[in-house]
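full-length UniProt numbering applies: residue 1 is where the sequence shown begins, and numbers increase by one.
For every residue, glycine included, the Cβ atom is placed at its ideal position computed from N, Cα and C.
Structure first, commentary second.
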Amino acid sequence: MSDYYVLDGERTQIGFVAAHRVGGKVHGRFTAFEGAFRVDTADPAASTGWLSVQMDSVDTGNDRRDAHLRRDFFGTPTYPAMTFVATAVVPTGPQRVDVTGNLTIRGTTHPVTIPFALTEAPDELHLQTSHPINRHTWNANSNRLTTALVHPDVALALSLTATRTYSQAIPSSSASRR
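Now the structure itself:
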């Protein structure tokens, strides 16, 4: 049996933390995203899902830095979205799952496995993680100076809340926004 869920844009947070090598951290979030999941209760490994984040929606609280991130790190005119498509879900303990999938940033796709804390409630799922990725893997660099000054590992900070839908298909667009 499968259950279908769509991200709740009001209760989902998609963010990141980047560290400068000389100290200090930049916290940011994305305000435009959508996603959906199909959870196979009989065979969790057969569960699927996707997430799409509009990179132009980055918000670090500094307009100048946000424009720099859009233009130079994310290349949003050419690569407007970051996407993740789940390929496997493995329960790893009570209320823990590893989700493996293909992460695409700047048109480059690589597989990643992200560990999540999972909380289930009637008609909703909550997945939470803070997981590092190496931005160099996806060529998210501005120039040699920022490559040297900004640590290559960036923590993805995800707090995903999805509500059950009684549709029999994963929606291809749910227009979730925060």
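Check, Outcome
"Cβ of G35 within 8 Å of Cβ of G15?", "no"
"Which value, in whole angstroms, describes the spacing of the CA atoms of G75 and L69?", "8 Å"
"Please identify the residue among T31, S47, V85 whose C-alpha is closest to the C-alpha of D59.", "T31"
"In chain order, which alpha helix (DSSP H) runs of at least 4 residues are fully inside the UniProt domain \"Lipid/polyisoprenoid-binding YceI-like\" (4-163)?", "63-68, 144-149"
"Quick check on DSSP: helix, strand or coil for A175?", "Caution applies to A175, whose pLDDT of 39 falls short of 50 and renders its modelled position unreliable; the value that the coordinates give is listed next. Residue state, collapsed to three classes: coil."
"Suppose contacts are defined by Cβ-Cβ distances below 8 Å. Is T161 in contact with R11 by that definition?", "yes"
"Do you know whose CA, among Y4, V90, V85, lies nearest T109's CA?", "V85"
"Could you give the distance in angstroms between the alpha-carbon of M82 and the alpha-carbon of N102?", "11 Å"
"Is R106 closer than 8 Å to N139 when the C-beta atoms are compared?", "yes"
"Pop quiz: P80 and M55 are said to be a contact at Cβ under 8 Å. What is the actual Cβ separation, rounded to whole angstroms?", "6 Å"
"Quick check: the Cα distance between T113 and Q13, rounded to an integer number of angstroms?", "19 Å"
"How should V22 be labelled, buried or exposed, when 16 other C-beta atoms within 10 angstroms of its C-beta is the threshold for buried?", "exposed"
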